[in-house]
Amino acid sequence: MGESAMAARGHRDIFADEMDWQEGESPSIRYARFLLEEGNGASPMVILSRFAPGEVVGAHTHDTNYFEYVIEGEQTVGKVTFGKGDVRLVTAGTGYGPIVVGPQGCTVLIVFQEAARAMTIPKGKDSERKVLQ
17 MGESAMAARG HRDIFADEMD WQEGESPSIR YARFLLEEGN GASPMVILSR FAPGEVVGAH
77 THDTNYFEYV IEGEQTVGKV TFGKGDVRLV TAGTGYGPIV VGPQGCTVLI VFQEAARAMT
137 IPKGKDSERK VLQ
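When we follow the numbering used here, the leftmost residue of the sequence shown carries the number 17, and every step to the right adds one.
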């Protein structure tokens, strides 16, 4: 079905085998992004992220509030470990990390309040390199 027909229906259906998975800051990080309102940077953005076992993401922050849900696996953020079913609610500008992925890997669903402000801002010694949001 064409894009205009989908828009006329008022929703988009994206099946698992049609997901646009992209490579993150390393080949062992994959993500798929979804804007709730295409073309609107103030729209919320949903990200599905898959991390390979042992992956490390440096300390960082975001300029927007966000909700994160652990779908499977586990990750340690700073000194706290989050597993399947756990939720993190993070206020804009809050620094955290590093994130260390557990031995089974980790899949998370993240909802950023405002897509245009979701860019990752590295903190501390990682501040010279750009990190995936």
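Every residue gets a Cβ at the ideal spot worked out from N, C-alpha and C, and that includes glycine.
Quantities reported herein were computed from a predicted structural model and do not represent experimental measurements.
With DSSP collapsed to three states, give me the class of residue i.
i, result
"residue 71", "coil"
"residue 34", "helix"
"residue 133", "helix"
"residue 145", "With a pLDDT of only 41 at residue 145, under the threshold of 50, the placement of this residue in the model should not be trusted; the figure read from the coordinates follows. Residue 145 falls in the coil class under three-state DSSP."
"residue 89", "strand"
"residue 154", "A query on residue 154 cannot be resolved here, the shown segment of the chain reaching from 17 to 149 and no further."
"residue 111", "coil"
"residue 140", "helix"
With distances taken from CA atoms, which of the options is nearest residue i?
i, options, result
"residue 122", "128, 97 and 59", "97"
"residue 140", "42, 75, 40 and 49", "75"
"residue 129", "60, 40 and 102", "60"
"residue 124", "53, 82 and 138", "82"
"residue 52", "66, 67, 29 and 41", "29"
Between residue i and residue j, which are expected to be in contact by the criterion C-beta below 8 Å, what is the C-beta distance as a whole number of angstroms?
i, j, result
"residue 84", "residue 45", "15 Å between Cβ atoms; not a contact."
"residue 112", "residue 86", "With 8 Å as the limit, residue 112 and residue 86 do not qualify as a contact, their Cβ atoms being about 15 Å apart."
"residue 115", "residue 91", "5 Å"
Measuring straight from C-alpha to C-alpha, what distance separates residue i and residue j?
i, j, result
"residue 100", "residue 56", "31 Å"
"residue 49", "residue 120", "23 Å"
"residue 110", "residue 31", "34 Å"
"residue 62", "residue 135", "13 Å"
"residue 80", "residue 106", "9 Å"
"residue 132", "residue 37", "20 Å"
"residue 22", "residue 95", "Residue placement at residue 22 is flagged as unreliable, the pLDDT there being 44, under the threshold of 50; a coordinate-derived value is accordingly withheld."
"residue 47", "residue 26", "25 Å"
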